[in-house]
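K.L.:
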Amino acid sequence: MKKKIALITASVLIFAVLWYCLQALLMPKYMDNKEGALIGEYYDNAGNNDVIFIGDCEVYENFSPITLWEEYGITSYIRGSAQQLIWQSYYLMEETFQYETPDVIVFNVLSMKYDTPQSTGDQEKREAYNRMTLDGMRWSKSKWDSIWASMTEEEREKEAIYSYVLPLLRYHDRWSDLKQEDFTYWFRSPAPVSDNGYLMQTGVKPYTTEHPEPPPTSYELGENSWYYLNKMVELCKSKGTQLVLIKAPIESPKWYPQWDEQVEQFAEENDLLYINMLDCQEEIGIDWNADTYDAGLHLNVYGAEKASRWFGKVLQEKCGVADNRSDTQISALWAEKAKAYHDRKAAMEAQKNKETL
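See the structure below:
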């Protein structure tokens, strides 16, 4: 009997080890699609961040934590991911409080235009975007709840939740797509792709014409979006953290005045600071001929640094965020972060100049 139990135990352990090894190999490493690596990079930087940004590409492409540090001594991190939806933002916020309690959490409101996973359109793309947020989260109740809230109707019908819990079920057929990076980073993490969650771009492509997009079917922001925004308010109040709502200074996707009015009214009713940075572009100094890398959809590093210089002043004057530059231990850590940032920027600029020759 003991031999039988030992044999079963050994078999289970061998199966578990093989499963882990295969899953580690087949899961995407996101070296080409860097957005997929952003969520997982937070855990090595958790703790002692006075400000946390949460949201979609309008935070991780448009704000530079290093600039906030160099100009104002503000310590910050961006918990952003591609097309991050408001319920995902809420559960990331909930998870963040397991690691630290920032003075301020900044939430970008663009994702409120989506009220359900289905409302974002293409189901296959939606699943891919979901995984860019969910796969990188460490296991916790927050991750489980975020998975459940994020699944489309089609995924629920297929009981796809198991593939989020056990990613090998989703990626088992990646054999033909394996690259050298999959083997290089099989059991170790690649170098960070971001600078405290900011994904740098140094290219320049002017914004000269509006991007066409169909009008929304409704100008009323949905009940589900309001439900999660209210949960954010309650959570931040319970932790003694200020919640600041922003709309990043990006023209496309369009942010309609009707949506803006609803968020403005909500902020007033809940005693929140809401800033529509679209109204502050001139004050920020954005030059759409030089400060975007993709014709106005996102800022490049030069635009992000401008936006951060402007917003850092708001964080200190209206939110009372501290200047930590007199703290030698914090300053030493951020000196290393700043060096990595400027080294990355110089390398990317050199590569850009080389390509234009």
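Here our numbering runs 911 ahead of the position in the sequence shown, where the first position is 1. Built from N, CA and C at the ideal position, the CB exists for glycine as well. Keep in mind that this is a model prediction, so the values were computed, not measured.
#1: Would you decide whether Gln1009 is buried or exposed? Buried here means 16 or more other CB atoms lie within 10 Å of its CB.
#2: For Tyr1025, count neighbouring Cβ atoms within 10 angstroms of its own Cβ and tell me buried if that reaches 16, exposed if not.
#3: Sort Ser992, Val1155 and Tyr1167 by Cα distance to Lys1229 and report the nearest one.
#4: Give the DSSP-derived three-state secondary structure of Met1023 in the structure shown.
#5: Across which residues does DSSP place Arg990 in a beta bridge pair?
#6: Let me know the secondary structure DSSP gives Tyr1130 once reduced to three states.
#7: Distance check for Val1232 and Tyr1204, CA to CA, integer angstroms please.
#8: Out of Asn1264, Glu1005, Phe1222 and Ser975, which one is the CA nearest neighbour of Lys1142?
#9: If you compare alpha carbons, which of Thr978, Asn960, Glu952 and Asn1200 is closest to His1253?
#10: CA-CA distance, Thr1063 and Phe974?
#11: Out of Met1048, Ile1016, Ile950 and Arg990, state which residue places its alpha-carbon closest to the alpha-carbon of Lys1148.
#12: Could you tell me whether the stretch 979 to 989 touches the stretch 1112 to 1130, using the rule of 3 or more Cβ pairs below 8 Å?
#13: Do you know how far the Cα of Asn960 is from the Cα of Asn1181?
#14: Can you give me the C-alpha to C-alpha distance between Ile963 and Pro1125, rounded to a whole angstrom?
#15: Below 8 Å, can you find three or more Cβ-Cβ pairs linking the stretch 1159 to 1171 to the stretch 1204 to 1214?
#16: Apply the 10 Å Cβ neighbour rule to Gln995 and answer buried if 16 or more other Cβ atoms are within range, or exposed otherwise.
#17: Tell me whether Asn1200 is buried or exposed, calling it buried when 16 or more other Cβ atoms sit within 10 Å of its Cβ.
#18: Please classify Thr1007 as buried or exposed, where buried requires at least 16 neighbouring CB atoms within 10 angstroms.
#19: How would you write the range of the alpha helix (DSSP H) that Gln1173 sits in, first residue to last?
#20: Can you tell me the Cα-Cα spacing of Asp1198 and Lys1224, whole angstroms?
#21: What's the gap between the Cα of Ile1241 and the Cα of Thr1012?
#22: Residues in its own chain within less than 6 Å of Tyr954 by CB, not counting five upstream and five downstream?
P.N.:
This is what the structure holds:
#1: The residue you call residue 1009 lines up with position 98 of the sequence shown. Exposed.
#2: Here the question's residue 1025 lines up with position 114 in the sequence shown. Looking at its Cβ environment, which holds 16 or more other Cβ atoms inside 10 Å, Tyr1025 is buried.
#3: Residue 1229 sits at position 318 when you count from the first residue of the sequence shown. Lys1229 has its Cα closest to that of Val1155, out of Ser992, Val1155 and Tyr1167.
#4: Stepping through the sequence shown from its first residue, residue 1023 is reached at position 112. Looking at Met1023 - three-state DSSP - the assignment turns out to be helix.
#5: Against the sequence shown, residue 990 aligns to sequence position 79. Note: Arg990 sits in a beta bridge opposite Ile965.
#6: The residue given as residue 1130 occupies position 219 in the sequence shown. Tyr1130: coil per DSSP, three-state reduction.
#7: In the sequence shown, residue 1204 corresponds to position 293, counting from 1. In the sequence shown, residue 1232 corresponds to position 321, counting from 1. Between Tyr1204 and Val1232, the C-alpha separation is close to 30 Å.
#8: Counted from its first residue, the sequence shown places residue 1142 at position 231. Of the candidates Asn1264, Glu1005, Phe1222 and Ser975, the residue whose Cα lies closest to the Cα of Lys1142 is Glu1005.
#9: For the purposes of this step, residue 1253 is taken as the residue at position 342 of the sequence shown. Considering only alpha carbons, the answer is Thr978.
#10: Here residue 1063 corresponds to residue number 152 of the sequence shown, with the count starting at 1. Here residue 974 corresponds to residue number 63 of the sequence shown, with the count starting at 1. Their Cα atoms are separated by approximately 30 Å.
#11: Taking the sequence shown and counting its residues from 1, the one referred to as residue 1148 is at position 237. Lys1148 has its Cα closest to that of Ile1016, out of Met1048, Ile1016, Ile950 and Arg990.
#12: Short answer: they don't touch.
#13: The count along the sequence shown starts at 1 and reaches residue 1181 at position 270. The count along the sequence shown starts at 1 and reaches residue 960 at position 49. Asn1181 and Asn960: Cα-Cα distance of roughly 25 Å.
#14: Taking the first residue of the sequence shown as 1, we reach residue 963 at position 52. Taking the first residue of the sequence shown as 1, we reach residue 1125 at position 214. Computed Cα separation, rounded: 32 Å.
#15: Output reads yes: the stretch 1204 to 1214 touches the stretch 1159 to 1171.
#16: The count along the sequence shown starts at 1 and reaches residue 995 at position 84. Result: buried.
#17: Here residue 1200 is taken as the residue at index 289 of the sequence shown, counted from 1. That one is exposed.
#18: Within the sequence shown, the letter at position 96 stands for residue 1007. Counting Cβ neighbours within 10 Å, Thr1007 comes out buried, since at least 16 surround it.
#19: Position 262 of the sequence shown, counting from 1, holds the residue named residue 1173. From DSSP, the alpha helix (DSSP H) with Gln1173 extends over Pro1168 to Glu1180.
#20: To locate residue 1198, count along the sequence shown from 1; it is residue 287. To locate residue 1224, count along the sequence shown from 1; it is residue 313. Going from the Cα of Asp1198 to the Cα of Lys1224 covers about 20 Å.
#21: Taking the first residue of the sequence shown as position 1, residue 1241 is located at position 330. Taking the first residue of the sequence shown as position 1, residue 1012 is located at position 101. For Ile1241 and Thr1012, the distance between alpha carbons rounds to 17 Å.
#22: Position 43 of the sequence shown holds residue 954. Here the set comprises nothing.
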